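Asker: Sending over a structure as structure tokens; questions will come in a sec.
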Amino acid sequence: MRSLQAKIAFAYLALALLIIGLSAVALIELGRISDKVREGGKVAELFDATLEMRRFEKNHFLYGQAGDLADHARYVARAQDLLKRDAAAIDALAGAGAAGRLAAELGLYAEAMAAHAGDPANEELAAAVRARGYRIVTVGENLALAERKSVDAALQAHQRNFLILLAAVAAILVATGFWLARRVTTPLKAMESHMEAVANGQLTRLSPDSRDREFVSLTGAFNHVLDELERRQHTLVRAEKLASLGTMLSGVAHELNNPLSNISSSAQILKEDSDGDPAFRAQLVADIDAETLRARRIVRSLLDYSGDRAFQAAPIPFAELANDTLRFLKNRRPPGVETRLDVAPGLVVHGDRPRLQQVLLNLVGNAYDALAAPAAGGHGELLISARPVVVGEKGDDFPVQSGRCRTGSAAVDIVVADTGPGIPPQALERIFDPFFTTKEIGHGSGLGLFIAFEIVEEHEGCLIAANRPEGGALFRIRLPAAPKEPPQ
Ligand code: ADP
Numbered sequence: 008m009r010s011l012q013a014k015i016a017f018a019y020l021a022l023a024l025l026i027i028g029l030s031a032v033a034l035i036e037l038g039r040i041s042d043k044v045r046e047g048g049k050v051a052e053l054f055d056a057t058l059e060m061r062r063f064e065k066n067h068f069l070y071g072q073a074g075d076l077a078d079h080a081r082y083v084a085r086a087q088d089l090l091k092r093d094a095a096a097i098d099a100l101a102g103a104g105a106a107g108r109l110a111a112e113l114g115l116y117a118e119a120m121a122a123h124a125g126d127p128a129n130e131e132l133a134a135a136v137r138a139r140g141y142r143i144v145t146v147g148e149n150l151a152l153a154e155r156k157s158v159d160a161a162l163q164a165h166q167r168n169f170l171i172l173l174a175a176v177a178a179i180l181v182a183t184g185f186w187l188a189r190r191v192t193t194p195l196k197a198m199e200s201h202m203e204a205v206a207n208g209q210l211t212r213l214s215p216d217s218r219d220r221e222f223v224s225l226t227g228a229f230n231h232v233l234d235e236l237e238r239r240q241h242t243l244v245r246a247e248k249l250a251s252l253g254t255m256l257s258g259v260a261h262e263l264n265n266p267l268s269n270i271s272s273s274a275q276i277l278k279e280d281s282d283g284d285p286a287f288r289a290q291l292v293a294d295i296d297a298e299t300l301r302a303r304r305i306v307r308s309l310l311d312y313s314g315d316r317a318f319q320a321a322p323i324p325f326a327e328l329a330n331d332t333l334r335f336l337k338n339r340r341p342p343g344v345e346t347r348l349d350v351a352p353g354l355v356v357h358g359d360r361p362r363l364q365q366v367l368l369n370l371v372g373n374a375y376d377a378l379a380a381p382a383a384g385g386h387g388e389l390l391i392s393a394r395p396v397v398v399g400e401k402g403d404d405f406p407v408q409s410g411r412c413r414t415g416s417a418a419v420d421i422v423v424a425d426t427g428p429g430i431p432p433q434a435l436e437r438i439f440d441p442f443f444t445t446k447e448i449g450h451g452s453g454l455g456l457f458i459a460f461e462i463v464e465e466h467e468g469c470l471i472a473a474n475r476p477e478g479g480a481l482f483r484i485r486l487p488a489a490p491k492e493p494p495q
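Each number in the numbering used here corresponds to the 1-based position in the sequence shown with 7 added.
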């Protein structure tokens, strides 16, 4: 049986057969008992006839009326008829030949009665009639007693058999239940815990814990959905990355202008002043070299960012990362907005540079958008700060101290804050959802914070959003200080 449906159908069939079997056995037993009761009725009829016979015998002795004698003879004849009719039942109850012996006794009794009728004063004959009558009634009584006992015994046997059968059926039902449970609920439970892991962000594929057709196809479908999800997430991340790459490109183009024009003017002077002071010329060449390096670094950071590489953690000087971000987004900064950098000197974070760059680009880009909105009027301040912390120690004011936010003992806390209008309270719990945006169509994809959240989680850190009491939005990132192994 390689399918759940077949197993359940089999269990139902077994159950139905058991119930039919049990009912059939109960019906057969009941039939047997009702036979016994019918036999009992025959014995009772015979016993009643003998009692009536004796009653008329007594009346005859007391009153000597002819009618009583005739009635007596009638009941003797009836008892004889009953004995003849039910001989088999009586023999079965009291042993072979019992009916014949009783019939003979009845014959002798009738003869004694006839003799007494011919000689009513003969006390000896009367005593013989009474003795025979008494014996016949006693036999009838014993027959009735034996019949009752046999019905009782049959009822008890039926009860016992029925209980044994019920116990057997219950045992079979429990065993079938266990069997079904093992076949159905065990793989379902395994699937449930797998799915919980998936819901918690581990996109690990399911392996079927049962070879039943339904489980195999469900697992296959689920894995297919996971593949598709991963593929789409990848596409979304790429789309968002391309969008911020556009922003970066215009920043980089501006940024490149400076070293290029410095190189150009140094080269111009060199050309015009071909036989000037050698020390001055050497300085100009050194300047050209330094500016070329600067331009190369700018271009490399763009290349690094645009590449689609696997996660690669390395130590990153945070001030450099933050300055790059501000430079790349120079064009998006509203003119009335001041930027402030408050980074502990020499602070290094461990992570994947392009990915962390993307997080800062998203956060700072959003802050500039918020500050450019009419509510802020293009004025205000953007703050990026970072400091090392020891989790749980004095001065650790991170609002969440559980899950990924509890990154181990040493961590780096990064803050990106602005003095803009802040995040609308009703949006606060949804801003990390994919496609959630309050921006106009064409201005926001709603993916920036979702991707930033994913990247921070990939670093085993955590990202939370809040509004500052004095106004404006505040994003806090906690990253573990220790280098993270690349995911396998
Ligand atoms: P998008 O920028 O494309 O809208 P994000 O995921 O980056 O997508 O941001 C989602 C939403 O979060 C924004 O539309 C905005 O409403 C809100 N948000 C993000 N940063 C800020 C901020 N600094 N100030 C106010 N609101 C913000």
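Just so you know, even glycine gets a beta-carbon here, dropped at the ideal spot from N, CA and C.
Bear in mind the structure is a predicted one, so any value in this text is a computation, not a measurement.
Between the Cα of Ala297 and those of Phe325, Gly384, Ser268, spot the shortest distance and give me the residue it belongs to.
Answerer: Ala297 has its Cα closest to that of Ser268, out of Phe325, Gly384, Ser268.
Asker: Which residue's Cα is closest to the Cα of Val356: Arg334, Arg189, Glu327?
Answerer: When each option's Cα is compared against that of Val356, the closest is Glu327.
Asker: Considering only DSSP beta bridges, list what Asn230 is partnered with.
Answerer: Asn230 is not bridged to any residue.
Asker: Classify Ser416: buried if its beta carbon has 16 or more other beta carbons within 10 angstroms, exposed otherwise.
Answerer: So Ser416 counts as exposed.
Asker: Give the straight-line distance between the Cα atoms of Asp282 and Val292, rounded to the nearest whole angstrom.
Answerer: Going by the C-alpha atoms only, they are around 14 Å apart.
Asker: Quick check on DSSP: helix, strand or coil for Ile471?
Answerer: Correct three-state label for Ile471: strand.
Asker: Of the residues His466, Glu199, Asn230, which one's Cα is nearest the Cα of Arg212?
Answerer: Ranking His466, Glu199, Asn230 by Cα distance to Arg212 puts Asn230 first.
Asker: Look at the alpha carbon of Ala56 and the alpha carbon of Gly38, and state the distance between them as a whole number of angstroms.
Answerer: Rounded to whole angstroms, Ala56 to Gly38 spans 27 Å at the Cα level.
Asker: Is Gly387 near the ligand ADP, in the sense that its beta carbon is under 6 Å from a heavy atom of that ligand?
Answerer: Gly387 Cβ: outside cutoff for every heavy atom of the ligand ADP.
Asker: Asp420 bridges to which residues according to DSSP?
Answerer: Partner(s): Arg394, Arg485.
Asker: Taking only the alpha-carbon atoms, compute the straight-line gap between Pro494 and Ile305 and give it to the nearest angstrom.
Answerer: Because the pLDDT of Pro494 is 49, which lies under 50, any placement of that residue in the model is unreliable, and the number read from its coordinates should be weighed accordingly. About 28 Å.
Asker: If you count every other CB in all the chains shown that lies within 10 Å of the CB of His261, and 16 or more means buried, which is it?
Answerer: Exposed, since its Cβ has fewer than 16 Cβ neighbours within 10 Å.
Asker: I'd like to confirm something about Gln425: is its beta-carbon nearer than 6 Å to some heavy atom of the ligand ADP, or not?
Answerer: Checking the sequence, you will find Asp at residue 425 rather than Gln. Flag set: Cβ of Asp425 near the ligand ADP.
Asker: I want to know whether the stretch 435 to 445 touches the stretch 386 to 396 - three or more CB-CB distances under 8 Å.
Answerer: No: the two stretches stay apart, fewer than three of their Cβ pairs being nearer than 8 Å.
Asker: Quick check: what's the CA-CA separation for Arg139 versus Leu109?
Answerer: Cα to Cα, the separation comes out at about 11 Å.
Asker: With a 10 Å radius around its C-beta and 16 neighbouring C-beta atoms as the bar for buried, classify Leu73 as buried or exposed.
Answerer: Sequence inspection shows Ala at residue 73; the Leu mentioned does not correspond to that position. Classification of Ala73: exposed, given that the 10 Å Cβ count is below 16.
Asker: From the DSSP output, in three-state form, read off Val407 for me.
Answerer: In the structure shown, Val407 sits in coil (DSSP, three-state: anything other than H, G, I, E or B).
Asker: Is there contact here, the stretch 47 to 66 with the stretch 149 to 157, by at least three beta-carbon pairs under 8 Å?
Answerer: Taking 8 Å as the limit for Cβ pairs, the verdict is that the stretch 149 to 157 does touch the stretch 47 to 66.
Asker: Could you tell me if Leu34 is buried or exposed, where buried requires 16 or more neighbouring beta carbons within 10 angstroms of its beta carbon?
Answerer: Label assigned to Leu34: exposed.
Asker: Using three-state DSSP, classify Glu477 as helix, strand or coil.
Answerer: Looking at Glu477 - three-state DSSP - the assignment turns out to be coil, as it is neither helix nor strand.
Asker: Can you tell me whether DSSP reads Thr346 as helix, strand or coil?
Answerer: Strand.
Asker: Taking all protein chains shown into account, decide if His79 is buried (16 or more other Cβ within 10 angstroms of its Cβ) or exposed.
Answerer: Result: buried.
Asker: Pull up the distance between the alpha-carbon of Val181 and that of Leu233, whole angstroms please.
Answerer: Answer to the nearest angstrom: the Cα atoms are 38 Å apart.
Asker: Start and end of the beta strand (DSSP E) containing His450?
Answerer: From DSSP, His450 is part of no beta strand (DSSP E); its letter is neither H nor E.
Asker: Determine the contact status of Arg360 and Ile421, defining contact as a CB-CB distance below 7 Å.
Answerer: No, these two residues do not count as a Cβ contact at 7 Å.
Asker: Apart from the five residues on each side of it in sequence, which residues of its chain come closer than 6 Å, Cβ to Cβ, to Ile27?
Answerer: Closer than 6 Å at the Cβ level, and outside the excluded window around Ile27, lies no residue.
Asker: For Arg256 versus Ala302, is the C-beta spacing smaller than 7 Å?
Answerer: What sits at residue 256 in the sequence shown is Leu, not Arg. Not a contact, by the Cβ cut-off of 7 Å.
Asker: Would you say Val244 and Ile458 are within 7 Å of each other, going by their C-beta atoms?
Answerer: Yes, the pair counts as a contact, with Cβ atoms nearer than the cut-off.
Asker: Can you name the residues that DSSP bridges to Pro324?
Answerer: Answer by DSSP bridge pairing, in chain order: Val355.
Asker: Exposed or buried, Val146, counting other C-beta atoms within 10 Å across all chains shown (16 or more means buried)?
Answerer: Per the 10 Å Cβ criterion, buried.
Asker: Starting from the C-beta of Leu418, find all residues in its chain whose C-beta is less than 7 Å away, skip the five residues before and the five after it, and write them out in chain order.
Answerer: The sequence given here has Ala at residue 418, not Leu. Hits under 7 Å: Val396, Val398, Arg485, Leu486, Pro487, Ala488.
Asker: If you count every other CB in all the chains shown that lies within 10 Å of the CB of Phe287, and 16 or more means buried, which is it?
Answerer: When all chains shown are included, Phe287 counts as exposed.
Asker: How should Tyr82 be labelled, buried or exposed, when 16 other C-beta atoms within 10 angstroms of its C-beta is the threshold for buried?
Answerer: By the 10 Å Cβ count, Tyr82 comes out buried.
Asker: DSSP has Leu389 in a bridge; who is on the other side?
Answerer: Leu389 is bridged to Thr346, Asp425.
Asker: Please classify Glu237 as buried or exposed, where buried requires at least 16 other C-beta atoms within 10 Å of its C-beta.
Answerer: When all chains shown are included, Glu237 counts as exposed.
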